[in-house]
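Take a look at the structure below.
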Amino acid sequence: MKAYGTLGSLLLVSLGVQAASLRVLDVTTLGEDPQTTNHLNGESFQQDPLVTFNGYQYAAYYVTDMANTSVRHPSLARRALKGEVTTWESFSFTDYNQTEDDGHDVISLGISHGDGTLHLGFDQHDNDLNYRISQSGVATNPSGVQWSDELFGPVLDQLPGTESLDKSVYFVNVTYPRFLSIPESAKSHSGGADLILELRVGRSGLGDDWLYKYTPSEGWAQIGKYLQGVNNNAYINGIDFDPEGNLLTSWTYRDYVNDVGQNVAVQAGPNGPENNHDLNFAYSTDLGSTWLNNWNQNIANMSTNQPILPSSAGITIYGIPKYGGILNQEGQTVDNEGRLHVLNRENTTGTERWYHYWRSTTMHWTRTPLPLAPELKSANNVTGTPTVIGKRGKVVAPPQSPHGSLLLILPSNAPNSTALSILRSTAAGHFRDWETVWETPSGCGWEPLFDRYRLDTSAGAMAC
Numbered sequence: 011m012k013a014y015g016t017l018g019s020l021l022l023v024s025l026g027v028q029a030a031s032l033r034v035l036d037v038t039t040l041g042e043d044p045q046t047t048n049h050l051n052g053e054s055f056q057q058d059p060l061v062t063f064n065g066y067q068y069a070a071y072y073v074t075d076m077a078n079t080s081v082r083h084p085s086l087a088r089r090a091l092k093g094e095v096t097t098w099e100s101f102s103f104t105d106y107n108q109t110e111d112d113g114h115d116v117i118s119l120g121i122s123h124g125d126g127t128l129h130l131g132f133d134q135h136d137n138d139l140n141y142r143i144s145q146s147g148v149a150t151n152p153s154g155v156q157w158s159d160e161l162f163g164p165v166l167d168q169l170p171g172t173e174s175l176d177k178s179v180y181f182v183n184v185t186y187p188r189f190l191s192i193p194e195s196a197k198s199h200s201g202g203a204d205l206i207l208e209l210r211v212g213r214s215g216l217g218d219d220w221l222y223k224y225t226p227s228e229g230w231a232q233i234g235k236y237l238q239g240v241n242n243n244a245y246i247n248g249i250d251f252d253p254e255g256n257l258l259t260s261w262t263y264r265d266y267v268n269d270v271g272q273n274v275a276v277q278a279g280p281n282g283p284e285n286n287h288d289l290n291f292a293y294s295t296d297l298g299s300t301w302l303n304n305w306n307q308n309i310a311n312m313s314t315n316q317p318i319l320p321s322s323a324g325i326t327i328y329g330i331p332k333y334g335g336i337l338n339q340e341g342q343t344v345d346n347e348g349r350l351h352v353l354n355r356e357n358t359t360g361t362e363r364w365y366h367y368w369r370s371t372t373m374h375w376t377r378t379p380l381p382l383a384p385e386l387k388s389a390n391n392v393t394g395t396p397t398v399i400g401k402r403g404k405v406v407a408p409p410q411s412p413h414g415s416l417l418l419i420l421p422s423n424a425p426n427s428t429a430l431s432i433l434r435s436t437a438a439g440h441f442r443d444w445e446t447v448w449e450t451p452s453g454c455g456w457e458p459l460f461d462r463y464r465l466d467t468s469a470g471a472m473a474c
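Residue numbers (our numbering): 11 to 474.
Below you can see the structure in the form of structure tokens.
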């Protein structure tokens, strides 16, 4: 949700994505970004803050309390995409005070297409679950409800439907809630569910990743612990479905360093990105119940409490050593052909550079550094700026592109820069023909995010 200097929505044309064809359609201001040291809006691991469904677009973000600038409130906005009135309307949950200056504590939004409920995970960094769910029908009959916080119930510390689980085990030390709608191609394995939730239980260097599924009008059910850390934890670049309904994820591991007695409530302390290593991959054909490696070998089964372990066979695609510069949670996407694309970075050649890693439909992986100037013409010199802990980018595969285009949304990592660039490559060019298709010298003070669901439903519009 990036707009020039304020919290907002940037709308661009992306269909075709030919050189010089990307242009801004609209910039909308949703509110002033809270003046915190660590950004609470616009972090790469938000999945998602912008969601489109049933002709409406929704945005989740924090705003500062009008009377106390050290307090923030979770807020929701929506707008109709067509019709006479397409302006945003919004409200804040003033019954909840967000007070930690911690960039992990973002808001993620999911929508059940079946019963029209909105789901929020928020203010999470190694603490008890914070979750809210709306009344049924809010998203399936949007014109029939008055947009206000009264549509939602109270903050819950356990997912409804999981009351048989011990919440002191499964819903404590929660970080990084991510929602993902289940497409029709995966419904045969969903048991009626239409939304999944992925989250970490544990902490930096010592954590496990869990999956849950939501069935409309019934509630949540646990799929299982699919990534288990062993003196480390997995940081996923994302979790996505391919056109066949397979669930794909890629990740890096971060090893644990003993930090007993240190104050690491906000930042990772010695358990920072220097301890990240390797690019790993696995996928599931049955909504996360079982998992396979790149060569279609079974490596995990939730029904037998067998998660993916760091020692699981065939998960490491590229061995990248600690201090090798790979960052946690940058970005991934799946294109219309089923190719997985990962954006991350390395300094394995001596210089920190962005890399594009991609998996072909024949399971072959390719690893390519992004071109530098003068090969890439960029007013922002964006590919020359990445740092070990700089702002992370996003990778986008416009589904309606006739050219098999792939986009990279890259925020400049240069000191004090708020520049943003969008690069494009094509399948025909084996994703090596990178060119700059849009840039701005300022305005992106956060990490860029986009509305994945609007890409699927709109003829060429990309909301960021």
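Beta carbons: idealized from backbone N, C-alpha and C, even for Gly.
Subject >> Within 8 angstroms, strictly: CB atoms of N51 and D112 >> reply: no
**OP:** Going by CA-CA distance only, name the one from L32, T372 and S54 that's closest to I249.
**Re:** S54
Subject >> Collapsed DSSP secondary structure at E160 in the structure displayed >> reply: helix
**OP:** Jot down the residue ranges of each uninterrupted beta strand (DSSP E) in the region 313 to 372, minimum 3 residues, whole runs only, in chain order.
**Re:** 326 to 328, 341 to 344, 350 to 356 and 363 to 369
**OP:** Whole angstroms is fine: what's the gap from N151's alpha carbon to Q56's?
**Re:** 26 angstroms
**OP:** Tell me, to the nearest whole angstrom, how far the beta carbon of A70 is from that of L130; I am working on the premise that it is less than 8 angstroms.
**Re:** 7 angstroms
Original post:
Anyone know if the C-beta pair for T300 and N308 falls short of 8 angstroms?
Top reply: yes
**OP:** Give me the Cα-Cα distance between S294 and P421, rounded to the nearest whole angstrom.
**Re:** 32 angstroms
Original post:
Between which two residues does the alpha helix (DSSP H) harbouring R464 extend?
Top reply: R462 to T467
Original post:
If you draw a straight line from the C-alpha of D43 to the C-alpha of H374, how long is it?
Top reply: 42 angstroms
Subject >> Proximal residues to T450 (C-beta, below 6 angstroms), its chain only, five neighbours per side dropped >> reply: L430
Original post:
For D461, does the count of other Cβ atoms within 10 angstroms reach 16, so buried, or fall short, so exposed?
Top reply: buried
Subject >> Segments assigned beta strand (DSSP E), at least 3 residues, entirely inside the region 218 to 298 >> reply: 229 to 238, 242 to 251, 257 to 265 and 286 to 294
Subject >> Identity of the residues DSSP links to G147 by a beta bridge >> reply: DSSP lists no partner for G147.
Original post:
Under 8 angstroms, do Y68 and R88 count as touching if we go by C-beta distance?
Top reply: yes
Original post:
Taking C-alpha atoms, which residue in N242, T259 and S321 lies nearest to E284?
Top reply: N242
Original post:
If you compare alpha carbons, which of L221, V211 and E94 is closest to L205?
Top reply: L221
Original post:
K177 lies in the alpha helix (DSSP H); which residues open and close that run?
Top reply: K177 to Y180
Original post:
Helix, strand or coil: which one does DSSP assign to E194?
Top reply: helix
Subject >> H199, DSSP secondary structure in three states >> reply: helix
Original post:
Between which two residues does the beta strand (DSSP E) carrying G71 extend?
Top reply: Going by the sequence as given, residue 71 is Tyr instead of Gly. Its beta strand (DSSP E) spans residues Y66 to T74.
Original post:
Does the Cβ-Cβ distance between N66 and Q108 come in under 8 angstroms?
Top reply: In the sequence on display, residue 66 carries Tyr and not Asn. No, the Cβ-Cβ distance between Y66 and Q108 is not below 8 angstroms.
Subject >> Within 8 angstroms, strictly: CB atoms of V155 and V184 >> reply: no
Original post:
For R402, which residues of its own chain have a beta-carbon under 6 angstroms away from its beta-carbon, when the five flanking residues on both sides are left out?
Top reply: S54, E340 and E457
Subject >> Per-residue burial, I419 [other beta carbons within 10 Å of its own, 16 or more giving buried] >> reply: buried
Subject >> Inter-stretch contact (C-beta, 8 angstroms, three-pair minimum) for the region 87 to 101 and the region 115 to 122 >> reply: no
**OP:** Just the C-alpha distance for P193 and T104, rounded to the nearest angstrom, thanks.
**Re:** 34 angstroms
Original post:
Under the three-state reduction of DSSP, which class applies to P409: helix, strand or coil?
Top reply: coil
Original post:
Between the C-alpha atoms of R4 and F441, what's the straight-line distance to the nearest angstrom?
Top reply: No answer is possible for residue 4: it lies beyond the span of the chain, which begins at 11 and ends at 474.
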